[in-house]
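Below is one structure, written out as structure tokens, with a few remarks after it.
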Amino acid sequence: MIGASAAFAMFWAALSSLSSGPVPYNVAVAADEARVETPAAEIGSTDALSEIPLALSADQVELMAGDPDWRASARLYHAGGGGATGNDSLGCRPIAMRTVAVDPRVIPRRTKLFIRETVGLRMADGSIHDGYWYASDTGGAIKGQKIDLYTGNGRGSMAQARRLNMRTLTIADAGRFDGCPPAWENAAN
């Protein structure tokens with residue numbers, strides 16, 4: 000069995016020998032049945048603030064423009080398969096795409112965080128992230144300028160935030176919260 004590259008080369012050679020001149024690239028590619036289209040990135044697709052289909056509040060605009068309080072390297076974690084299980088370090092159920100695990104010596108627990116790089120992030124359900132996260136968890140591997148972003152249940156939940164993994168994120172202190180991190184319906188309030 001021959002590979003797709005070899006089949007394409009054979010097709011190209013046959014096509015070139017039949018025609019009197021060179022074949023345009025788009026014609027050759029259109030004739031190649033083995034090609035695979037790369038789907039447009041829809042989940043986690045916004046990288047530039049100008050692309051954000053979200054009306055920013057005055058607080059968000061101020062947090063975007065101000066100096067960051069922290070810069071931290073991000074990792075992703077999820078429930079199941081060796082990831083998070085049970086409650087966070089405050090005794091609360093983690094909230095997908097809201098709960099952050101921090102080193103409490105660097106970022107105090109119960110801090111409402113505004114992570115600029117997550118503003119406009121397209122979520123799996125089609126909604127748009129507003130940039131607010133909640134420091135309610137800790138972890139043994141989180142030391143210094145590192146944070147873990149909780150993405151939800153299962154490895155597939157990490158797709159929406161994969162571009163943030165292993166990146167240094169810009170984080171602003173957006174205040175404190177009491178109790179447990181709020182659910183999505185009222186998290187930005």
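Following numbering that gives the first Met the number 0, the numbering of the sequence shown begins with 0 at its first residue and continues without gaps. From the three backbone atoms N, C-alpha and C, an ideal C-beta is built for every residue, glycine too. In this text the structure is predicted, and so the values were computed from the model without any measurement.
| Query | Result |
| --- | --- |
| Is it buried or exposed, Gly-174, if we count other Cβ atoms within 10 angstroms and call 16 or more buried? | exposed |
| Could you please give the first and the last residue of the uninterrupted beta strand (DSSP E) stretch that includes Asp-172? | 167-175 |
| What number of angstroms, rounded off, separates the C-alpha of Gly-90 from the C-alpha of Leu-148? | 17 angstroms |
| Do Asp-102 and Ile-127 have their beta-carbon atoms positioned less than 8 angstroms apart in this structure? | no |
| Quick check on Leu-55: does DSSP put it in helix, strand or coil? | coil |
| CA-CA distance, Asn-164 and Glu-116? | 11 angstroms |
| Please give the ranges of any beta strand (DSSP E) in the region 73-134, keeping only runs that are unbroken, at least 3 residues long and fully inside the region. | 98-101 and 110-114 |
| Who are the Cβ neighbours of Arg-70 in its own chain at under 8 angstroms, not counting the five residues just before and after it? | Gln-144, Thr-167, Leu-168, Thr-169 and Ile-170 |
| For the beta strand (DSSP E) that Asp-66 lies in, which residues bound it at each end? | Asp-66 -> no beta strand (DSSP E), and no H or E assigned at all. |
| Taking DSSP as the reference, what is the three-state secondary structure of Ala-158? | helix |
| Name the DSSP bridge partner or partners of Asn-152? | Ala-78 |
| Please report the straight-line C-alpha distance between Thr-134 and Arg-161, rounded to a whole angstrom. | The question names Thr, but residue 134 is Ala in the sequence shown. Taking the straight line joining both Cα atoms gives about 20 angstroms. |
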